[in-house]
Each structure stands twice: as C-alpha cells, then as structure tokens.
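Each remark here refers to the structure printed beneath this line.
Protein chains: 2
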Amino acid sequence: MALPETRSEQLARALEDDICAGRALPGMRLDEQVLAQRFGTSRTPVREALKMLAAQGFVEIRPRQGAVVVGLDVRQVLELFEIMAVLEGLCARLAARRMTPAERADLLAVHAECQRLAVAGDPDVYYAMNTRFHEVIYAGSHNRQLEEETRRVRNRLSPYRRNQLHQLGRVAKSVQEHDDVVRALLEGDPDRAETLMRRHIGIQGDSLSDFVSNMSTPQAAPQTPPQAALAGALGRPTMAR
Amino acid sequence: MALPETRSEQLARALEDDICAGRALPGMRLDEQVLAQRFGTSRTPVREALKMLAAQGFVEIRPRQGAVVVGLDVRQVLELFEIMAVLEGLCARLAARRMTPAERADLLAVHAECQRLAVAGDPDVYYAMNTRFHEVIYAGSHNRQLEEETRRVRNRLSPYRRNQLHQLGRVAKSVQEHDDVVRALLEGDPDRAETLMRRHIGIQGDSLSDFVSNMSTPQAAPQTPPQAALAGALGRPTMAR
DNA sequence: AGTGAACTCCATGCATGCAAGAAGCGCCAT
DNA sequence: ATGGCGCTTCTTGCATGCATGGAGTTCACT
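This is the structure:
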C-alpha cells in the first residue's frame, strides 16, 4: 500500500524537521514564495503545510504578516517541561505494566548503548541514543495516542534541549537516572517508574532554567530577518512564580 | 487589538465545534465543495481549515479520498482517557499551589453551582457547568500550554463523553468526586489534588468502557466509509458562526 | 448469473491570478 | 536632525482553473 504522500504533507514534515533540528530558528520568517521555490512547488501546498504546523504549535501565522517559527520564552519552555514530565511519566507507568519481553530486552540494549556512549563522551551522539531510549518507553506504553502526543511535545521542545547535555556532568547524571528508571520498569513497579521518570524530565527543566538564568541569551542567531528571532529565543529570566 | 481572523481559521473553529458538539459524527465525510458553498467561500480556505483539523487529530485526510471526521474505536478512546487523567491531574496539582484567592473563590462558586444542578437532575445542564468546573482548574494551573493541551484532548474526547452523565447515579458521584478535589485544592495539597483528579477522570474512562462493552456500538460506523449521512447533519444552516 | 475489466465522472491536489493589507521609504514640516 | 505622513511595493489571503487518480458503473466474458 504505497500511501501517496501529498506535497503539503512532505513539506510539513520537512519544515517540522528543520525546526526540531534547529535549522530553522525561533523567530525565523517562513516566506511562502521562498519555500515554494526551494521545494519546487507552488505556494498552495506550502500554505497548507504552514497551517498544519501552526495547528501543532510549531509556527505562528499572523494574518497578513506571514509565518514565523514559534519562539518560546523561558516561561513557556518550562510550562512544556511540566507537561512533558507527566506525559513521559505516564509512558513509564504504563510501560512498567505492559512491555513485552522483547520490548524489555530492547530497552536494556538501548540503555546499555547509552551507558557506553555516555562514557565515550560525545553529547551529541549520546543525545541521539537518549532519544531512542525514550522512544522505546513511549512504545512500551502500548498507548498510541500517548506515544504521538508525547513525541509532539518533545519535538516542540527539541530546539531548546539540544544543548542541555553539554552541561558539565549532565550526561552522566542522565544515564544514571535512566538506570533507575530501567530498574523500576523491569521490576514492573509502575509507581516508581512514573515518579522517577517525572523527576528525570523535571530535572531537565530545572537545569534549563539554571542555564538560562546564568547566560542572558544563548545563541539567538536569526537567519533572514536580522532582529525578529531574539524576541522568542530564551531571553528574559522572568521566572514564573 | 482587533486581530482579524482569516476565513480558514473561522472555518476550522466552526468545524471543530461541530465535531465536539456531535453535529458532525465520526466517519462523516467532509466534502470541500459542500462546505465551501455552505460557508460562502471557495475551496481554498476550507482545505486549509481541514488541514489544521487534521493536524490536531479531529479529521483524517486520505489523499485523493477526502476528509472524514475521525472515528475513534474504544481502545483509542480509552487511550485518550489515560492521557486526559494525567493532564487534568497535573492541572489540579499545579492549581493547588498556584490558584489565587480570586480563582479559589471562583472554583467554590462554580462547584456550588454544580452541586445545585446535580440535584436539579438534568445531566445536560450539569454537563455544561461541569465543563466550567474543569476549566477553572485548567486556568488555575497558571500553565497556558497545559491549559490548551488539556482542552484539546478534552475536545477530542467530547463526542464520546456526552452521554456519560446519563448513566444512573453518575452525576451524583461526579459531584462528590469534585467535592474531594476541591477540598484538596483549597487545602493546597498538590499530591492529593492530583491523585483525586486522576481518579476522577480515570473513573470516567472505566465507566465508558463498561458502557461500551455492554452495548455493542454507540452510533456511527467508524472506519468503513459510512456513506454520505452528512447531508443530514451538516445540512443545518445553523453552522455558520 | 457472477466476476472482472474498462470507462466515465467527479473530487481532490496543485498552479495561477487577483485584490487587499502591511512593511518599508521618501518627502515634508517642525 | 527628527518626527510625522502619504506613497510604493511586496506579501498574503482567497478565488479560480486544470490535471490526476479514485470510485462507481456498465458491459463483456466465463
């Protein structure tokens, strides 16, 4: 069943990918014509793709003013981390009860790989495997809706997480937290698995918040329009509450 | 700031509303031309609206085959309830710590109104106030992202929840559960508030699951193209907004 | 009669055209 | 020089046109 993908879907995926991978920075203007030319189509599928991304919160479309990559301020990022924590926590809870033996084996394998890469020391390589680790747990929840939802929030946060692991010692701590989670999962302890996972994600939020309040602005580097980006990029340490 | 709303956004909201209110049933075909005529526009904004709804999971667009209102099977509904439980639980947890005095007063007022309507006995009227009750707690979380996310999941579930409260005694139990939640919230006990709210939502899932396993299937035929029953439901000119 | 295939028709996907609104710019006045 | 104002231009939002592919129908064949 060769499901034929429409141009607009392809574009939506490509653009989402650009945003998640940090190739399209927050605040960057997404010009319909430019994109249309770049992808060799007309503006119509581009517009439809942008509408889809807007509906998912990746871009913002201001009427008559075009689309820009959504720039989250610190507060919004922390808000998303709060959501992320409970969603991943639920994944872990359900996974503790529902993972098949094969999935458990998978989890162990990926976790072992994480440990290996943690020692190896390249945060970016670890980052990729870390993603796979979490994906295994999403799948282990056997809740497809949850899986998608969690992945979506993760993707929305990804531009703001890339540098997380570059913090000194963060990789080592991360893999240790994984280890605790894995243990709870394999022992089939849903409560503990959920709690540990929530804490694991929560720590990332905290660590980000520290990071931000130390440096004023990390790397706000807008592409085409010289100033637009910074507004959204992590700027004011307006810590909520 | 009179933000000018585009046609496509209006359409998206109107259609989402139709779906949530049960005027557009799962499986129903959404014909671009018909909608365009009904709303007095061309197909373009209709298409963009459908793309947005598709991105949010309200409709499914099969290439070259048009858009249909997504029909969730029992399993998917239960999956969404699992998500809903933790999201609402988080709302309650955060609200317990963050609600302002004014918001607490609001909560009490709405809760009192719920109690009154519960005795009055009309489930549909109670349903509306019940929604407001939960909305107050969403807002009390002081987490905008969470608020939107929770509302989105709630909306996706709404076609499947409308009849929930018609179950015998469900309204009374619901309001009792609310009462417990309110107490925890006002006492500022985040853990208890979260736990109670999770249970409150979880019960709805269970109750639905009972309901479904008793009766064969609620209403529409989901996956297999159920033909154009649409003319009837969407035929009302009351759709415009 | 049942099955299968080709044909027709039509909805969708995409391209293009056009009008309205916003951003940028230059001119004038203070 | 600076601030305000009108104009130009460009982009977006929407309408329309056209080609593709699917679904239903009809007809031939077994």
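Chains as they are written, first to last, in UniProt numbering: chain A, 1 to 241; chain B, 1 to 241. In this text, a Cβ means the ideal position worked out from N, Cα and C, and glycines have one as well. These figures come from a predicted structure and were not determined experimentally.
DSSP links Glu88 (chain B) through a beta bridge to no other residue.
With respect to chain A, the C-beta atom of Gln145 (chain B) has a partner C-beta closer than 7 Å. When the five nearest sequence neighbours on each side are left out, the beta carbons in the same chain lying within less than 6 Å of the beta carbon of Gly202 (chain A) are those of Ala85, in order along the chain. DSSP, read as helix, strand or coil, puts Glu103 (chain A) in helix.
Linking Lys51 (chain A) to Gln176 (chain B) through their CA atoms gives a straight-line distance of about 42 Å. Within its own chain, no residue has a Cβ closer than 6 Å to the Cβ of Leu72 (chain A) once the five positions on either side in sequence are excluded.
Here Leu157 (chain B) is actually not in contact with Val136 (chain B); their C-beta atoms are around 19 Å apart, not less than 8 Å. Our two residues, Leu80 (chain B) and Gly57 (chain B), have alpha carbons roughly 12 Å apart in a direct line. In the DSSP annotation of this structure, the continuous segment of the beta strand (DSSP E) that includes Arg62 (chain A) starts and ends at Val59 to Arg62. Closest option to Gly121 (chain A), judged by alpha-carbon separation, among A:His166, A:Ala105 and A:Asn143: A:His166. Per the C-alpha coordinates, the member of B:Arg75, B:Gln164, B:Val181 and B:Leu11 positioned closest to His134 (chain B) is B:Val181. Assignment of Ala184 (chain A) by DSSP, reduced to helix, strand and coil, places it in the helix class. Pairing Ala92 (chain A) with Met197 (chain A) gives a Cβ-Cβ distance under 7 Å. Scanning chain B for C-beta atoms nearer than 7 Å to the C-beta of Leu30 (chain A) yields nothing, as the closest lies near 15 Å away. Across the structure, Leu30 (chain A) and Arg13 (chain A) are spaced so that their CA atoms are roughly 15 Å apart. If you ignore the 5 residues before and after Ala54 (chain B), its C-beta comes within less than 8 Å of the C-beta of Glu60, Ile61 and Ala67, all in its own chain and listed in chain order. By the rule that beta-carbons nearer than 7 Å mark a contact, Thr6 (chain A) touches chain B. Taking the beta carbon of Arg47 (chain A) as reference, the chain B residues within 8 Å of it are Glu48, listed in sequence order. Using a 10 angstroms sphere on the CB of Glu5 (chain B), the tally of other CB atoms stays under 16, which defines it as exposed.
Secondary structure within the UniProt domain "HTH gntR-type" (5 to 72) of chain B: the beta strand (DSSP E) runs of 3 or more consecutive residues, fully enclosed, are 59 to 62 and 66 to 69 (chain order). Asn130 (chain B) carries a helical assignment under DSSP once its states are collapsed to helix, strand and coil. Here Ser42 (chain A) is exposed. Its C-beta has fewer than 16 other C-beta atoms within 10 Å. Nearest Cα to Leu146 (chain A) within the set A:Val77, A:Leu90 and A:Leu117: A:Leu90.
Shown here is that no member of the segment 156 to 175 of chain B has a Cβ falling below 7 Å from a Cβ of chain A.
Nearest CB-CB separation between Met52 (chain B) and chain A: below the 7 Å threshold. Not one beta carbon of chain B lies nearer than 7 Å to the beta carbon of Leu208 (chain A). For Ala36 (chain B), the CB contacts under 7 Å within the same chain, skipping 5 residues up- and downstream, are Ser42, Arg43 and Val46 in chain order. Counted as a single uninterrupted DSSP element, the alpha helix (DSSP H) harbouring Gln145 (chain B) occupies residues Arg144 to Arg161.
Taking a beta-carbon distance threshold of 7 Å, Gln10 (chain A) does not count as an interface residue toward chain B. For Gln65 (chain A), no chain B residue has a C-beta closer than 9 Å to its own C-beta; the minimum C-beta separation is roughly 10 Å.
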